[in-house]
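Taken in order, the sequence shown gives residues 19 to 517; the numbers are from the working numbering. All C-beta atoms in this analysis are idealised placements derived from N, C-alpha and C, irrespective of residue type, glycine included.
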Amino acid sequence: MAKPIRAGRAARTRARNEAPIIYKPTLDRDIAPINLLGEEGVARIHNAAMQILETIGVEFRDPVALADWKRRGAEVSGQNVRIGREMLMDLISAVPSGYRFNARNPDCSVTVGGNSSIFANVYGAPFVYGLDGQRRPSTLDDAQNFFRLAQLSTSMHVTGILPVEPQDVPVPIRHLELLPSALRLSDKPVMGSVASESAAKDTIEMLRLVFGQDYMDQNVVVTALLNCNSPLVWDETMLQSLRVYAAANQPALLTPFLLAGASGPASPMGGVAQLIAEALAGMAYAQIIRRGCPMVLGVALFGVSMKTGAPMCGTPEPSLMNLLVGQMARFYDVPWRSCTMWTGGKAVDLQAGYDSANTMWPVLLGGCNYIMHAAGFVEGALGVSYSKWVQDSYQLDGFYRFFRGLQDEDLDAIIGDISDVGPGGHFLGTTHTRENPFVVNPLQNNDSYEQWVEDGAKSADIVGQEEAKRLLDSFVAPPLAADADAALSEFTAKHSAAE
């Protein structure tokens with residue numbers, strides 16, 4: 019016979035299920051970022067990055083980009099482009115220090131840059147750890163479920179476009195399934211496809227159907243992720259997509275994927291100098307396409323095990339590097355992006371928790387503006403776990419509260435409470451206690467051991483799986499204008515048939 023559910027637990031569960039979703043706005047950090055370097059240290063990294071650009075150069079493996087750089091006056095030899103620091107700094111000076119990232123629902127629009135931080139969905143994993151905890155190839159249904167979970171999260175600001183790679187949809191038409199799904203299942207900000215030049219163009223056209231061409235020309239409605247092939251290579255596919263987004267006045271996250279000790283130096287300062295050179299080269303090229311278009315200095319950092327060559331998550335050196343990247347981004351007065359909440363673990367266990375916390379703290383302490391992969395990654399970013407996704411998403415609420423810093427307090431009133439309670443009393447019933455509850459993660463178990471056993475002695479993985487199922491069962495899609503919905507259907511049908 020099933021054990022009766024305690025009244026208190028049932029009431030808490032009912033309150034959570036029935037409570038309206040109150041989305042958190044952009045996190046405006048009230049805790050200053052950590053600056054590890056003095057002015058001399060910043061100058062050393064800047065000069066090292068400039069030396070890389072001036073004397074070693076970056077390969078732009080795209081004939082159009084090479085012609086653009088040559089016209090601009092850079093030194094072009096084959097595919098190698100050497101950029102003088104005056105030219106580079108002039109181009110980077112045109113990058114806005116921030117931008118407003120607009121959503122279908124204006125209440126969900128966010129700010130990128132300055133003292134602001136936003137959390138964005140996972141991106142690009144080929145595997146999922148399903149609602150049963152089992153690992154398998156990801157599908158379109160999974161991608162759509164992570165769009166739903168992003169919409170339901172109070173702290174996940176950006177729905178994304180590619181939370182997982184849907185293995186059941188051919189690559190050439192994946193974006194035609196993913197972007198309309200993101201727009202229909204969420205009214206939060208979305209990201210754009212960079213699978214090909216045509217996919218990027220289709221992304222812009224679909225967004226114009228929803229937002230309108232005039233509005234989109236003057237406002238940011240999408241952000242794309244573009245990876246540099248470290249060391250020092252920008253490939254044709256990324257550059258083709260960059261031209262599409264920049265021409266449309268839409269930003270990209272120009273992101274070296276740096277494996278410290280493999281695709282970049284193991285030295286924190288040397289590695290940061292390289293990735294800064296790589297990112298700035300991409301950002302500068304965007305300004306040749308459309309001066310003044312927003313761009314973001316991106317970074318994806320792993321350490322590499324000298325024993326196996328495998329990427330490692332949550333280690334100290336990449337954490338230090340993230341702090342340095344943040345300080346350099348402030349030096350150039352541009353927004354920056356990093357990655358968090360990932361783990362080399364293959365289960366929702368102690369390693370996953372440690373790795374995820376150890377990647378999030380330095381990114382936020384470094385003042386990161388655009389925080390990707392903010393929930394769900396396992397297996398070194400090769401998999402997304404439903405259970406870990408919801409566990410991580412609730413952790414974001416705690417990070418959000420911490421980095422809002424101290425709030426104004428009426429100390430005179432609180433001293434009055436202390437006087438009223440007196441020695442040996444308690445503060446549970448005071449007005450201040452009732453009106454200022456601590457942030458509570460509903461999935462963390464703080465009951466007694468006996469209560470935990472009585473409730474099934476569930477692991478964090480099982481609790482997360484159950485919560486993911488509950489959330490998905492509760493999902494209701496936000497409204498999308500009928501004309502926009504019809505236009506998207508017509509566009510995707512036409513372009514899918516053409517592939």
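Close-in-space but distant-in-sequence residues of the same chain around residue i (CB under 7 Å, 5 per side omitted)
| i | result |
| --- | --- |
| L217 | Note that residue 217 corresponds to Ala in the displayed sequence, not to Leu. So the qualifying residues of the chain are H193, S211. |
| G344 | P51, W354, G384, G385, C386 |
| G91 | M105 |
| D465 | none |
| Y141 | G178, L180, P181, L243, M390, H391 |
| P380 | S337, N340, L341 |
| N98 | G75, E77 |
| D351 | S115 |
Beta-carbon spacing of residue i, residue j below 7 Å
| i | j | result |
| --- | --- | --- |
| L295 | L272 | First, the amino acid is wrong: residue 295 is Ala here, not Leu. Cβ atoms of A295 and L272: not closer than 7 Å. |
| V457 | R419 | yes |
| N340 | S323 | no |
| A161 | P184 | yes |
| V60 | F349 | yes |
| L158 | D125 | no |
| A304 | I110 | no |
| V128 | T44 | yes |
| I40 | F421 | no |
| V402 | G482 | no |
| E145 | R153 | The question names Glu, but residue 145 in the sequence shown is Phe. Yes, the pair counts as a contact, with Cβ atoms nearer than the cut-off. |
| R103 | M68 | yes |
| L490 | A143 | no |
| D430 | T448 | no |
| A278 | A284 | yes |
Close beta carbons around residue i, own chain, < 8 Å, minus the five adjacent residues each side
| i | result |
| --- | --- |
| T241 | F119, V130, V176, P207, M209, G210, Q268, P269, A270, L271, V314, Y388 |
| A138 | M174, H175, V176, G178, M209, Y388, I389, M390, H391, A392 |
| P188 | E517 |
| A328 | V322, G362, G398 |
| E58 | none |
| F533 | The requested residue 533 is not part of the displayed model; the chain covers only 19 to 517. |
When the options are compared against residue i, the one with the closest alpha-carbon
| i | options | result |
| --- | --- | --- |
| N53 | A265, L342, S135, V471 | L342 |
| A374 | A328, F320, D351 | In the sequence under discussion, the amino acid at residue 374 is Ser, which differs from the Ala named in the question. If we check each option's Cα against that of S374, F320 comes out closest. |
| G300 | L414, G327, L257, D503 | L257 |
| S477 | P441, E508, S405, V94 | S405 |
| C311 | A511, T172, A265 | A265 |
| M287 | S156, L55, G434 | L55 |
| L498 | R122, V317, E72, K219 | R122 |
| D503 | L203, N247, K364 | L203 |
| Q455 | L196, G332, Y41, G416 | Checking the sequence, you will find Pro at residue 455 rather than Gln. When each option's Cα is compared against that of P455, the closest is G416. |
| Q550 | V494, T510, G116 | Nothing about residue 550 can be reported from this structure: the residues present for the chain run from 19 to 517 only. |
| Q229 | G398, N247, L201, N245 | Rather than Gln, the amino acid found at residue 229 in this sequence is Phe. Of G398, N247, L201, N245, the residue nearest in Cα terms is L201. |
| L382 | V366, K364, L414 | L414 |
| G289 | D367, D501, M224, R62 | R62 |
| Y117 | I136, M107, D108, R103 | I136 |
| R89 | T449, I307, P460 | I307 |
| S171 | S507, E485, E508, V238 | E485 |
| S214 | N245, R226, K325 | N245 |
Three-state secondary structure assigned by DSSP to residue i
| i | result |
| --- | --- |
| M390 | strand |
| Y141 | coil |
| V458 | coil |
| V481 | helix |
| A318 | strand |
| M209 | strand |
| F420 | helix |
| G440 | coil |
| M19 | Model confidence at M19 stands at a pLDDT of 44, short of 50, so the residue's coordinates are unreliable; what they give is reported in the following sentence. In this structure, M19 counts as coil in the three-state DSSP scheme. |
| F509 | helix |
| S403 | strand |
| V408 | helix |
| V128 | strand |
| P329 | strand |
| R518 | Any property of residue 518 remains undetermined from this structure, which presents the chain solely from 19 to 517. |
| V14 | No answer is possible for residue 14: the residues shown for the chain start at 19 and end at 517. |
| K476 | coil |
| L203 | helix |
| M324 | coil |
Same chain only: Cβ atoms within 6 Å of residue i, ignoring 5 sequence neighbours per side
| i | result |
| --- | --- |
| L84 | F78, V94 |
| E254 | R79, D80 |
| S514 | I191, L194 |
| K21 | For K21, the predicted structure reports a pLDDT of 48, less than 50, and the residue's modelled location is therefore unreliable. A value from the coordinates is still provided. Cβ neighbours of K21 beyond the five flanking positions: none. |
_alpha helix (DSSP H) segments (min. 4 residues) lying fully within the segment 41-106_ = Complete alpha helix (DSSP H) runs here, min 4: 57-69, 81-90.
*asked:* Quick check on the DSSP output: what are the complete alpha helix (DSSP H) runs of length 4 or more inside the segment 225-308, in order along the chain?
replied: As far as the segment 225-308 is concerned, its whole alpha helix (DSSP H) runs of at least 4 residues are 231-236, 254-265, 286-307.
_Any beta strand (DSSP E) of 3 or more consecutive residues that is wholly inside the segment 348-389_ = Listed in chain order, they are 354-357.
*Give, in chain order, every unbroken run of the beta strand (DSSP E) that is at least 3 residues long and sits entirely within the segment 130-182.*
As far as the segment 130-182 is concerned, its whole beta strand (DSSP E) runs of at least 3 residues are 134-137, 145-147, 153-155.
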